[in-house]
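Novice: Using the numbering used here, you'd call the opening residue of the sequence shown number 2 and step up by one each time. Ideal Cβ positions, reconstructed from N, Cα and C, are used throughout, including at glycine. Keep in mind it's a predicted model, so treat the numbers as computed, not measured. Just passing along the structure, written as structure tokens.
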Amino acid sequence: MSSQFKKEIFFISNFLSLFRLALVVPISILLMGSTNIERLFAVLIGIVAIVSDGLDGYFARRYNQVTDFGKIVDPLADKILIASVGLICVIKDFVPLWFFVVLITRDLLILMGGLYLKNKKRIVPQSNVLGKVTAAVIAFYLLISILFYPEMYVLRTVFLLIGSFLIIISFVLYSIRFFRILNSKA
2 MSSQFKKEIF
12 FISNFLSLFR
22 LALVVPISIL
32 LMGSTNIERL
42 FAVLIGIVAI
52 VSDGLDGYFA
62 RRYNQVTDFG
72 KIVDPLADKI
82 LIASVGLICV
92 IKDFVPLWFF
102 VVLITRDLLI
112 LMGGLYLKNK
122 KRIVPQSNVL
132 GKVTAAVIAF
142 YLLISILFYP
152 EMYVLRTVFL
162 LIGSFLIIIS
172 FVLYSIRFFR
182 ILNSKA
């Protein structure tokens with residue numbers, strides 16, 4: 002491990018991303034429980050994770066701590082958290098399987114594309130605004146599904162449809178950016 006990496010891992014922005022990654026365990030354990038209070042605590046910890054996601058980006062920009070490590074660990078933490086919560090929501094029948102499959106397929110393809118660009122072009126692409134909006138809508142959909150299943154069917158359906166649309170659009174935009182970077186001379 003380089004001394005630069007050892008220094009960067011303790012930047013507040015990267016620490017918050019690692020903290021969010023660590024929250025996957027208690028959120029998952031609580032979601033697997035059967036009581037409403039466990040679901041409520043899982044959602045409250047999930048909200049802490051969402052806030053940490055906003056703060057890590059803020060601190061990275063504010064204190065000029067944007068690092069390749071952060072560009073990887075931040076979206077990876079998001080994807081692992083959403084995948085874990087999404088899988089449990091499918092198991093608990095809070096969300097449809099097809100939505101989870103579309104979401105995970107998109108995330109895996111984006112992750113593989115990013116790793117390919119890192120190896121091929123030495124570029125670590127950052128997430129874009131639409132990707133962040135998509136993640137926020139999906140997180141909100143999962144939170145309301147956890148809290149209000151089977152109630153609030155219309156609201157959950159609206160966010161399911163909006164989230165699905167954003168998943169597709171953001172994947173198309175990430176794909177366009179991937180091929181532009183791949184075909185660039187730099």
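Helix, strand or coil, according to DSSP, for Met153 in the structure here?
Specialist: Met153 falls in the coil class under three-state DSSP.
Novice: Considering Ser53, what are the terminal residues of the alpha helix (DSSP H) in which it resides?
Specialist: Asn37 to Arg63 is the span of the alpha helix (DSSP H), which, as asked, contains Ser53.
Novice: Please report how far the alpha carbon of Ile46 lies from the alpha carbon of Ile177, in whole angstroms.
Specialist: One C-alpha to the other measures close to 35 Å.
Novice: How would you label Ser35, buried or exposed, when you count the other beta carbons within 10 angstroms and need 16 or more for buried?
Specialist: Burial call: exposed.
Novice: Leu24 and Ala50 look like a contact to me (Cβ under 8 Å); what is the Cβ gap, rounded to whole Å?
Specialist: That pair is a contact at about 5 Å.
Novice: Just tell me which of Val67, Asn129, Asn184 and Thr158 has its CA closest to the CA of Lys121.
Specialist: Checked all of Val67, Asn129, Asn184 and Thr158; the closest Cα to Lys121 is Asn184.
Novice: Between which residues of its own chain and Lys72 is the CB-CB distance below 7 Å, once the five residues before and five after are set aside?
Specialist: Within the same chain, Lys72 has close Cβ partners Val125 and Gln127.
Novice: Can you tell me the Cα-Cα spacing of Arg21 and Phe42, whole angstroms?
Specialist: Looking at the two C-alpha atoms, the distance is approximately 15 Å.
Novice: Is the region 73-82 close to the region 169-176, with three or more CB pairs under 8 Å?
Specialist: At 8 Å Cβ cutoff, the stretches do not touch.
Novice: Would you report the Cα separation of Tyr154 and Val96, rounded to the nearest angstrom?
Specialist: Taking the straight line from one Cα to the other gives about 11 Å.
Novice: In whole angstroms, give me the CA-to-CA distance for Asn129 and Ala137.
Specialist: Looking at the two C-alpha atoms, the distance is approximately 13 Å.
Novice: DSSP on Ser18, reduced to helix/strand/coil?
Specialist: Ser18 falls in the helix class under three-state DSSP.
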